[in-house]
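A.B. asks: Got a structure here, written out as structure tokens. Questions coming.
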């Protein structure tokens with residue numbers, strides 16, 4: 354079989370029925386369906402083939418039909434048009450057939466034999482011999498024994514060290530022969546980010562009925578990795594590890610013959626083939642793990658790394674595995690929406706299975722980090738903290754909110770709002786040193802819980818005292834998490850105007866008034882810069898919010914390096 358495990362025998366009468374639900378890649382257009390149906394009918398007849406096989410078996414995917422004879426496989430591309438491919442004309446299909454031969458011959462020998470024209474003879478019958486006008490094209494392949502696939506070997510529990518070593522040799526030679534693709538690190542990161550976003554846009558649809566908590570955890574882990582570990586991706590680009598590879602390297606596409614044969618490279622879109630070698634091999638390792646052979650995938654990664662002297666960071670590999678498992682979950686979810694009830698349920702189960710696997714990888718790439726956004730009142734802490742929590746999908750913990758939760762029955766009075774401590778009324782009781790200490794202890798207790806779960810915590814509070822800052826440092830160290838102290842600054846008149854605007858709107862938990870900013874500025878404030886050697890930055894919050902955000906994200910790379 355040459356189309357992998359996703360193919361299945363189908364009756365010809367159903368080949369042009371429109372699937373239910375949305376398709377991957379967008380709208381599908383079918384061209385010249387009656388002509389193609391006639392060709393399919395002809396190719397099901399054994400006498401059309403030069404070697405006169407005993408029988409012909411039909412397999413179908415969403416973009417091709419495969420006709421299996423005794424010794425060969427003939428692939429006919431469907432006259433379809435998607436957002437990601439165009440097989441709408443015979444000429445387009447001819448070019449795709451030739452490209453399929455060229456690309457797949459890189460990883461196989463004696464398998465991809467020829468591009469065969471389908472002609473009309475003088476009787477108006479389809480033929481693969483003689484003369485006549487060409488109406489379509491086939492890829493002719495040597496038929497491979499499905500029992501020799503890596504997938505079948507895993508199912509049998511076989512671990513042939515010699516054949517696996519030959520596979521590593523084949524892959525290593527292949528990747529070393531490829532010229533690096535020229536692109537900038539930011540282009541590569543943007544491409545990955547776009548794919549991650551697209552995956553979750555599909556998976557989050559209500560009709561897919563996938564667990565929200567699992568989706569949120571997997572999405573947060575991938576987005577946080579992209580934001581906090583961009584340097585790992587940049588290194589791959591700078592080291593020349595982005596190549597035009599296979600694009601769909603799965604166990605069912607690998608045949609462990611004496612010389613390994615790897616088939617079904619993606620021919621219709623170069624962008625699907627341009628990837629990190631580590632991404633492609635992680636995809637294969639993920640699929641092996643799903644089949645119950647994590648040891649095989651791990652061995653392939655380890656042996657490739659040693660053979661090619663390519664250092665593979667564990668967190669990078671787990672990110673790629675999570676990413677690829679999410680892609681496969683998306684494909685299965687889309688397929689579930691296209692099938693009848695029984696098959697759709699099976700595809701939905703497959704989507705959940707892949708997403709669960711992605712969740713396991715998400716735990717491995719979980720990157721706890723404590724970001725303390727501090728400074729005088731009115732300096733823009735909350736605005737920046739909210740933005741950081743949004744882009745990092747982090748937990749936002751605000752001292753103002755925690756204060757109101759701890760002391761819910763104390764009304765908002767003018768004395769409390771100024772921050773003075775001389776009064777003894779109920780209004781200012783929550784701002785007394787003892788109550789303030791309780792608030793900060795609770796804030797950091799919640800932050801510790803977030804860090805223990807492997808997530809990012811963004812804390813929004815003044816943190817003006819050295820005692821409060823030291824407590825934050827201890828919290829991060831206890832959880833083995835990096836800490837970044839972000840001090841927000843702006844001119845006093847800007848801060849006071851912000852405070853007045855916030856009070857006028859009356860829609861925020863903060864109770865501060867303009868005079869509190871002046872009071873805090875006049876008092877002694879412990880400087881957070883270079884405190885105890887930990888990363889700390891100052892942010893001018895009169896700058897655009899996007900610029901503030903990027904300044905913090907860049908600093909987080911340093912904060913991360915100080916721990917990991």
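Numbering (the numbering used here), first residue to last: 354 to 917.
For every residue, glycine included, the Cβ atom is placed at its ideal position computed from N, Cα and C.
Quick caveat, the model's predicted, so the values are computed rather than measured.
Which residues does DSSP pair with residue 420 in a beta bridge?
C.D. replies: Beta-bridge pairing links residue 420 to 411, 427.
A.B. asks: Could you tell me the distance, in whole angstroms, from the CA atom of residue 494 to the CA atom of residue 484?
C.D. replies: Going by the C-alpha atoms only, they are around 22 angstroms apart.
A.B. asks: Compute the minimum distance between the beta carbon of residue 573 and the heavy atoms of the ligand NAP, and state whether it is under 8 angstroms.
C.D. replies: Absent from the structure shown: the ligand NAP. Ligands present: none.
A.B. asks: If you drop the 5 nearest sequence neighbours on each side, which residues of the same chain put their C-beta closer than 8 angstroms to that of residue 644?
C.D. replies: Around residue 644: 504, 507, 508, 604.
A.B. asks: If you reduce the DSSP assignment to three classes, tell me which class residue 646 lands in.
C.D. replies: In this structure, residue 646 counts as coil in the three-state DSSP scheme.
A.B. asks: Using the beta-carbon count (16 or more within 10 Å), is residue 634 buried or exposed?
C.D. replies: So residue 634 counts as buried.
A.B. asks: If contacts are defined as beta-carbon pairs under 8 angstroms, then residue 714 and residue 675 qualify, I think. What distance do you get, rounded to the angstrom?
C.D. replies: 4 angstroms between Cβ atoms; contact.
A.B. asks: For residue 618, count neighbouring C-beta atoms within 10 Å of its own C-beta (all shown protein chains included) and say buried if the count is 16 or more, exposed if not.
C.D. replies: When all chains shown are included, residue 618 counts as buried.
A.B. asks: Using C-beta distances below 8 angstroms, list every residue in its chain close to residue 905, excluding the 5 sequence neighbours before and after it, in chain order.
C.D. replies: If we look at residue 905 and ignore the five residues flanking it on each side, its Cβ neighbours are 724, 737, 741, 837, 839, 890, 892.
A.B. asks: For residue 606 versus residue 626, is the C-beta spacing smaller than 9 angstroms?
C.D. replies: The answer is no: Cβ separation not under 9 angstroms.
A.B. asks: Once you ignore the five residues that flank residue 680 on each side, which residues in its own chain have a CB closer than 8 angstroms to its CB?
C.D. replies: Contacts found: 548, 552.
A.B. asks: How long is the line joining the alpha carbons of residue 869 and residue 824, rounded to whole angstroms?
C.D. replies: Rounded to whole angstroms, residue 869 to residue 824 spans 24 angstroms at the Cα level.
A.B. asks: Would you call residue 728 buried or exposed, if buried means 16 or more other Cβ atoms sit within 10 Å of its Cβ?
C.D. replies: Classification of residue 728: buried, given that the 10 Å Cβ count is 16 or more.
A.B. asks: Helix, strand or coil: which one does DSSP assign to residue 512?
C.D. replies: In this structure, residue 512 counts as coil in the three-state DSSP scheme.
A.B. asks: Run through DSSP, which three-state label would residue 597 get?
C.D. replies: If DSSP states are grouped into helix, strand and coil, residue 597 belongs with the strands.
A.B. asks: What residues in its chain sit with their C-beta under 8 angstroms from that of residue 580, if we drop five residues either side in the sequence?
C.D. replies: Excluding residues within five positions, the ones whose Cβ falls inside 8 angstroms are 744, 745, 906, 909.
A.B. asks: According to DSSP, is residue 658 part of a helix, a strand, or is it coil?
C.D. replies: Helix at residue 658.
A.B. asks: Out of 408, 538, 601, state which residue places its alpha-carbon closest to the alpha-carbon of residue 918.
C.D. replies: As displayed, the chain neither begins before 354 nor continues past 917, which places residue 918 out of reach and without an answer.
A.B. asks: For the alpha helix (DSSP H) that contains residue 567, what are its first and last residues?
C.D. replies: That run of the alpha helix (DSSP H) goes 565-581.
A.B. asks: Pull the bridge partners of residue 842 from the DSSP assignment, please.
C.D. replies: Paired residues: 893.
A.B. asks: What's the gap between the Cα of residue 438 and the Cα of residue 418?
C.D. replies: Near 16 angstroms, if we compare the C-alpha coordinates of residue 418 and residue 438.
A.B. asks: Given this structure, state the Cα-to-Cα distance separating residue 404 from residue 666, to the nearest angstrom.
C.D. replies: Cα to Cα, the separation comes out at about 51 angstroms.
A.B. asks: Look at residue 760 and residue 788 and say whether their C-beta atoms are less than 9 angstroms apart.
C.D. replies: Yes, they are a contact pair.
A.B. asks: By the three-class DSSP mapping on this structure, what secondary structure does residue 532 have?
C.D. replies: Residue state, collapsed to three classes: coil.
A.B. asks: Once DSSP output is grouped into helix, strand and coil, what is the label at residue 545?
C.D. replies: DSSP places residue 545 in helix when its eight states are reduced to three.
A.B. asks: Tell me residue 400's beta-bridge partners as DSSP assigns them.
C.D. replies: Residue 400 pairs with nothing; no bridge assigned.
A.B. asks: Taking only three categories from DSSP, how would you classify residue 734?
C.D. replies: Helix.
A.B. asks: Tell me whether residue 835 sits in a helix, a strand or coil according to DSSP, three-state version.
C.D. replies: Coil.
A.B. asks: Can you name, in chain order, every residue of its own chain whose Cβ lies under 6 angstroms from the Cβ of residue 767, other than the five neighbours on each side?
C.D. replies: Low local confidence applies: a pLDDT of 41 at residue 767 is under 50, so the model's placement there is unreliable, with the coordinate-based value given in what follows. None.
A.B. asks: So the candidates are 534, 898, 422, 397; which of them puts its Cα closest to the Cα of residue 479?
C.D. replies: Comparing Cα positions, the closest option is 397.
A.B. asks: Look at the Cβ atom of residue 638, then the Cβ atom of residue 628, and state whether they are nearer than 9 angstroms.
C.D. replies: Cβ distance not < 9 angstroms, so residue 638 and residue 628 don't count as in contact.
A.B. asks: Among 798, 751, 450, which has the Cα closest to the Cα of residue 812?
C.D. replies: Taking only the C-alpha atoms, the option nearest residue 812 is 751.
A.B. asks: Please list, in chain order, all residues of the same chain as residue 897 whose beta carbon is under 6 angstroms from its beta carbon, the five residues on each side excluded.
C.D. replies: Same-chain partners within the cutoff: there are none.
A.B. asks: Grab the span of the alpha helix (DSSP H) containing residue 684 for me, first residue to last.
C.D. replies: Start and end: 667-689.
A.B. asks: Quick one: Cα of residue 873 to Cα of residue 829, how far?
C.D. replies: About 26 angstroms.
A.B. asks: Have a look at residue 712 and residue 673 and give me their C-alpha separation to the nearest angstrom.
C.D. replies: C-alpha separation (whole angstroms): 12 angstroms.
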